[in-house]
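Peer 1:
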Amino acid sequence: MASASVKVAVRVRPFNTRETSRGAKCVIQMQEKSTCIYNLKQPKDAKNFTFDYSYWSHTSSEDPSFATQRQVYLDIGEEMLLHAFEGYNVCIFAYGQTGAGKSYTMMGKQEPGQQGIIPQLCEDLFKRIVDNTDPDLSFTVEVSYMEIYCERVRDLLNPKSKGPLRVREHPIMGPYVEDLSKMAVTSYSDIADLMDCGNKARTVAATNMNETSSRSHAVFTIVFTQHRHDQMTNLDTEKVSKISLVDLAGSERADSTGAKGMRLKEGANINKSLTTLGKVISALQSNKKRKSDFIPYRDSVLTWLLRENLGGNSRTAMIAALSPADINYEETLSTLRYADRAKQIRCNAVINEDPNARLVRELKEEVNRLKELLLAQGLSDLITSPHLWPVCVEECSLWDRNIDSPVV
1 MASASVKVAV RVRPFNTRET SRGAKCVIQM QEKSTCIYNL KQPKDAKNFT FDYSYWSHTS
61 SEDPSFATQR QVYLDIGEEM LLHAFEGYNV CIFAYGQTGA GKSYTMMGKQ EPGQQGIIPQ
121 LCEDLFKRIV DNTDPDLSFT VEVSYMEIYC ERVRDLLNPK SKGPLRVREH PIMGPYVEDL
181 SKMAVTSYSD IADLMDCGNK ARTVAATNMN ETSSRSHAVF TIVFTQHRHD QMTNLDTEKV
241 SKISLVDLAG SERADSTGAK GMRLKEGANI NKSLTTLGKV ISALQSNKKR KSDFIPYRDS
301 VLTWLLRENL GGNSRTAMIA ALSPADINYE ETLSTLRYAD RAKQIRCNAV INEDPNARLV
361 RELKEEVNRL KELLLAQGLS DLITSPHLWP VCVEECSLWD RNIDSPVV
């Protein structure tokens, strides 16, 4: 079991039209991993935070410190993809105020250099599959795409399905969405077509903060299976990784967004699920110290479905999207505090392998351990002489007993 903290990055975007028209001032400074926010009304009261990555995307690409879409992917997306190839579940989710740049970071645009983490990761996944030269290794990939809108789950790959889908609990696999479409794909172009279809079906609406505000949480899931035939043992093995890529709806205040009627109701549901997410993060943070039991995962559909990614069987990364503007100071400070708590969560990821795969891996690890013992005793000739292996095993057993015996 690999215990690791949630990896946390923050990214500040350029001013948008609304901020520019109001003469907004930048209140964010970044240096290496550090992020500082200061209040123009109280400039001496600066707040400093340290994260795994602090991405400065406020200026233009001519700025040497400017963080591109590619850099963000290489730091976070590529690492998570490598963990998936190792057999771990992985998750990347973007959090932040409405209009802070979450969807741009996760999905991006189709223009060269503008693609977000999700399309870059999918393209990289199939590039690695195509580049595989191991004849005993094969792959299958399935994708699903859903949105959580007003606490209801919609299938974005089958938007005409009647009614919301039900979330259920499997005794072993955990929470899942019943009847959610799972599409087998064999190339990046297959995934790109499905993403385009899903993005068009996603619920968006204009608010004062953002002309195309995402009114739902979107979860793009890749189930990636590696099939291997082991020549040494003649066993067929499998490793299954679940890659969850989450673009959260924006946190918002009704007075900032100008929300009324239906938009106001949507905002209340968005804030409810994000508040629950905050409670889960806080509970996991305090659980680390107090070992308390209750984590309110089931208080919202979002946290229920992300349960394994928050403190469970997953390698997880969070990207907090920031507005640079003084007029959004309170919301940006809230996002930074949210991210600061998230980095203290520890997940306990395990490699998702079948019993055959585990047996093969453990046998190979034991062989390597025995080889190291032989090398330590200067018996390297035994390693390349199969007829001497019985002697080899006896030597290692004696060596083990000598190590374990107490010194008299």
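Just so we're aligned: the sequence shown equals residues 1 to 408 in the UniProt record's numbering.
Here a beta-carbon is modelled for each residue, glycine too, at the ideal position from N, C-alpha and C.
1) Within this structure, are the beta carbons of Ser-244 and Leu-274 separated by less than 8 Å?
2) Evaluate the contact criterion for the segment 47 to 65 versus the segment 344 to 363: three or more CB pairs, one atom per stretch, below 8 Å.
3) On the CB-based measure, 16 or more other CB atoms within 10 Å of its CB, does Glu-19 come out buried or exposed?
4) Which same chain residues, not among the five before or five after Arg-298, have their C-beta less than 8 Å away from its C-beta?
5) Please state whether the Cβ-Cβ distance between Val-6 and Thr-316 is less than 8 Å.
6) For Met-232, count neighbouring Cβ atoms within 10 angstroms of its own Cβ and tell me buried if that reaches 16, exposed if not.
7) Short check: CB of Leu-310 to CB of Ile-148, under 8 Å?
8) Taking Ala-325 as the reference, which of His-83, Glu-78, Arg-70, Gln-97 has the closest Cα?
9) With DSSP as the reference, identify every bridge partner of Trp-304, one or two as the case may be.
10) Which residues mark the beginning and the end of the beta strand (DSSP E) in which Val-72 is found?
11) Can you name, in chain order, every residue of its own chain whose Cβ lies under 8 Å from the Cβ of Lys-272, other than the five neighbours on each side?
12) Skipping 5 residues on each side, what residues in its chain have a beta carbon closer than 6 Å to that of Thr-59?
13) Do the segment 112 to 129 and the segment 191 to 201 meet, that is, are 3 or more Cβ pairs less than 8 Å apart?
14) On the premise that Ser-138 lies in contact with His-227, defined as a C-beta separation below 8 Å, what is that separation, rounded to the nearest angstrom?
15) Helix, strand or coil for Thr-275 per DSSP?
16) If you measure between the beta carbons of Met-107 and Asp-247, is that distance less than 8 Å?
17) On the three-state DSSP scale, how would you describe Asp-45?
18) Let's see if you can read the secondary structure: which residues bound the alpha helix (DSSP H) around Thr-17?
19) According to DSSP, is Ala-197 helix, strand or coil?
20) Taking the alpha carbon of Pro-159 as the reference point, which residue from Phe-126, Ser-144, Asp-45 has its own alpha carbon closest?
21) For Ile-92 versus Ile-351, is the C-beta distance shorter than 8 Å?
22) Would you mind sorting Asn-210 into buried or exposed? The rule is 16 or more other CB atoms within 10 Å of its CB.
23) With DSSP as the reference, please indicate the residues paired to Gln-29 in a beta bridge.
24) Enumerate, from N- to C-terminal direction, the unbroken alpha helix (DSSP H) stretches of 4 or more residues contained entirely within the segment 93 to 150.
25) Going by DSSP in three states, Val-280 sits in which element: helix, strand or coil?
26) Can you tell me whether Phe-51 is helix, strand or coil according to DSSP?
27) Would you report the Cα separation of Ser-286 and Leu-333, rounded to the nearest angstrom?
28) Select from Lys-162, Ser-103, Ser-282, Leu-40 the residue whose C-alpha is nearest the C-alpha of Arg-341.
29) How would you write the range of the alpha helix (DSSP H) that Asp-340 sits in, first residue to last?
30) Near Ile-345, which residues of its chain fall below 6 Å by C-beta distance, leaving aside the five closest residues on each side in sequence?
31) In whole angstroms, what is the alpha-carbon distance linking Cys-347 and Lys-242?
32) In chain order, what residues of the same chain have a beta carbon less than 7 Å from the beta carbon of Ile-129, not counting five sequence neighbours either side?
33) So, using beta-carbon positions, are Ala-321 and Asn-89 closer together than 8 Å?
34) Would you check if the distance between the CB atom of Tyr-104 and the CB atom of Gly-113 is smaller than 8 Å?
35) Report the rounded CA-to-CA distance for Glu-365 versus Asp-155, giving the unit in angstroms.
Peer 2: To lay it out plainly:
1) no
2) no
3) buried
4) Trp-304
5) yes
6) exposed
7) no
8) Gln-97
9) According to DSSP, Trp-304 bridges with nothing at all.
10) First-last for Val-72: 69 to 72, but that is the alpha helix (DSSP H), not the beta strand (DSSP E).
11) Glu-151, Ser-300
12) Phe-66
13) yes
14) 5 Å
15) helix
16) yes
17) strand
18) 17 to 21
19) Looking at the sequence shown, residue 197 is not Ala but Cys. Three-state DSSP puts Cys-197 in a helix.
20) Ser-144
21) no
22) Residue placement at Asn-210 is flagged as unreliable, the pLDDT there being 40, under the threshold of 50; the coordinate-derived value follows with that caveat. By the 10 Å Cβ count, Asn-210 comes out buried.
23) Cys-36
24) 102 to 106, 117 to 131
25) helix
26) coil
27) 21 Å
28) Ser-282
29) 329 to 342
30) Val-6, Leu-284, Gly-311
31) 15 Å
32) Phe-139
33) no
34) no
35) 43 Å
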